[in-house]
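First up is the structure itself, then whatever we jot down about it.
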Ligand code: AMP
């Protein structure tokens, strides 16, 4: 099936010159690295537990805490006022051991679930790693969730322990506590002299905790993390990840994020979603680098200040944040010394080519897009420091990852011929992005939903639910979520291409595009547009933007309808919720909105 020609191909390739890079990239030659790579070789970068087996916390903390990196800053937290507090690898090893000891004292068993509902503060990071040391399973929740999503996830996940604050407990957990019979212990990180009924004082427990001793023996297939991910509709699913995932976190930290021993690394994602744990905690610590954690919310000036003052070298962020910085204007970066910064990467949503290129203006560096999802547990497709960037492309699969484009039948199901799945080979054609199972961070199930898990695999491939195409040189181009693609007069239109074209107009800060039913065309394209500061919504501007898009995309693909909005609905992790735009437009039920950003 033909997809529209992406507008992104109009952007010139950004060439790389390895000799001009400040450090030699870990992946200097893509083809060579792919040919040489094996997961066993990648495991060579880890130590394994002294008595055999593998444990994420051992790789991330204890082996460094007891070794040459003991005094190195592991985590540096930036408070609201810009001051910082740090934990060295040795301190982190000690504190996480105490936390593990608290769990043991409370009788928490191997494999039981420990949840958090906390902002980005030290207690959260200690709890994640301490839980893993005790062979229990960690499940982080966004602190901004309301009582209903908290209840739903704690129930689905069978949460035994919850770590939270007084205020969050009172507002979000106390009202639903009676509905959570499995939840045995609530540990408050800021308990005061007036005990909250039904809770324990974590600080007091930590003070009394004896040293943990040897990390609990865990095998590669033991469950370590549970991450809830919202499907497009219906209830959230809990993706199960195991301790061997650390092998992929290590390998991808090396190749896709290019982590080197002296790096100061900042991942802006909240641990409430998978990027914030895989790449905000595990991958950088496994590499023994210093990780910045901003305790506050996004703010353009604050972020530039952090990049400059903390001398961040590698920055991993999201398209939505970059678009907000772009909306604020590249000149805001001026006056900040960003000379330490050497690599910028982004994930979570399609990265518009405009933003890739804008990075050069604001940071002096292009932005490197990469692709993955909760289910894959780690980065699967990426742009690498030494590889030319084709703006708008997600890049090429990581060494060790086999990707393909699977043909779809009329109903959108994978096309089978003689029982075999049909792969798309024509570079102009799109299909569903698929991955060959077997990488270590692949999810091992949806908790209590065996059938739903099984359906993700067809003919020896894991089907991602995303539509994409691959060009002649093996670069992958995102077209849209399978559910978001628009069918108009026989054309299949990916919303991302239309949104990217709209963003090329001077007035447009962000855009969300959906299909709305039309008696003639089947569907027509409708755009929702947020304007940059200084522009006023008007009919004239609407017509001008539609005309602009028509010139670039052609009448069949350009939006026929356009509304101005001041707040596109987005998830807390920054993804535009196109299905919600559509439901609202058509007056349909909104489905699961638990991950919706407040006020959207
Ligand atoms: P989640 O599991 O919540 O992290 O969402 C994963 C989904 O986000 C993917 O299946 C894609 O639809 C989207 N996504 C993540 N990264 C990218 C990217 N670089 N380009 C396009 N879409 C992306």
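Numbering (my numbering), first residue to last: 10 to 609. Beta carbons are placed, not taken as given, at the ideal position from N, Cα and C, and that holds for glycine.
Shown here for residue 368: same chain residues with a beta carbon closer than 8 angstroms to its own, the five before and five after excluded, namely 331, 353, 374, 375 and 376 in chain order. In this structure residue 278 is not in contact with residue 450, their Cβ atoms being roughly 16 angstroms apart against a cut-off of 8 angstroms. Counted as a single uninterrupted DSSP element, the beta strand (DSSP E) harbouring residue 149 occupies residues 146-150.
Cβ contact annotation for residue 410 (same chain, cutoff 7 angstroms, sequence separation greater than five): 389, 444 and 448, in chain order. Of the heavy atoms belonging to the ligand AMP, at least one sits nearer than 7 angstroms to the Cβ of residue 359. Residue 175 sits close to residue 205, with the two beta carbons spaced by under 8 angstroms. Judged by their CB atoms, residue 87 and residue 304 are nearer to each other than the 8 angstroms cut-off. Here residue 100 is buried, its C-beta having at least 16 other C-beta atoms within 10 Å. The segment 342-358 makes no contact with the segment 210-229, as fewer than three CB pairs between them are under 8 angstroms.
CA-CA distance, residue 225 to residue 378, rounds to 37 angstroms. Considering only 552, 520, 245 and 533, the residue with the shortest C-alpha distance to residue 540 is 520. Note that the C-beta distance between residue 503 and residue 488 is below 8 angstroms. Look at residue 452: its beta carbon is at least 7 angstroms from all of the heavy atoms in the ligand AMP. For residue 433, there is no enclosing alpha helix (DSSP H), since its DSSP letter is neither H nor E. The beta-carbon separation of residue 259 and residue 54, rounded to 5 angstroms, stays under the 8 angstroms limit for a contact. At the C-beta level, residue 95 and residue 127 stay beyond 8 angstroms of one another. Around the beta carbon of residue 301, 16 or more other beta carbons lie within 10 angstroms, which makes this residue buried. Residue burial is scored here from C-beta neighbours: residue 365 has at least 16 other C-beta atoms within 10 angstroms and is therefore classed as buried. Around the beta carbon of residue 580, a 10 Å sphere encloses 16 or more other beta carbons of the protein chains shown; the residue is thus reported as buried.
Judged by their CB atoms, residue 117 and residue 145 are nearer to each other than the 8 angstroms cut-off. In this structure, the CA atom of residue 402 is about 17 angstroms from the CA atom of residue 435. In this structure, the ligand AMP has no non-hydrogen atom nearer than 7 angstroms to the beta-carbon of residue 392. The C-alpha of residue 110 lies about 28 angstroms from the C-alpha of residue 386. Looking at 182, 66, 235 and 89, the one whose alpha-carbon comes closest to that of residue 454 is 235.
DSSP, reduced to helix, strand and coil, places residue 154 outside both helices and strands of the structure shown, so it counts as coil. Setting aside the 5 residues that flank it on each side, residue 237 is surrounded in the same chain by 162, 245 and 247, each with a C-beta closer than 6 angstroms to its C-beta; the list follows chain order. Separation of residue 336 and residue 544 (C-alpha to C-alpha, rounded to the nearest whole angstrom) is 12 angstroms. Note that the C-beta distance between residue 507 and residue 562 is below 8 angstroms. By the CB criterion at 8 angstroms, residue 511 and residue 558 fall inside the cutoff.
For residue 490, the Cβ falls inside the 7 angstroms cut-off from some heavy atom of the ligand AMP. For residue 350, the number of other beta carbons within 10 angstroms of its own is at least 16, and it is reported as buried. Annotated as proximal: residue 142 and residue 106, with beta-carbon spacing under 8 angstroms.
In the three-state reduction of the DSSP assignment, residue 557 falls in the helix class, which pools H, G and I. Annotation: residue 509 is outside any beta strand (DSSP E); the continuous alpha helix (DSSP H) that includes it extends over 504-512. Apart from sequence neighbours up to five positions away, the residues of its chain that approach residue 452 with a beta-carbon distance below 7 angstroms are 248, 249, 250, 384 and 386, ordered along the chain. Boundaries of the beta strand (DSSP E) around residue 86: 82-87.
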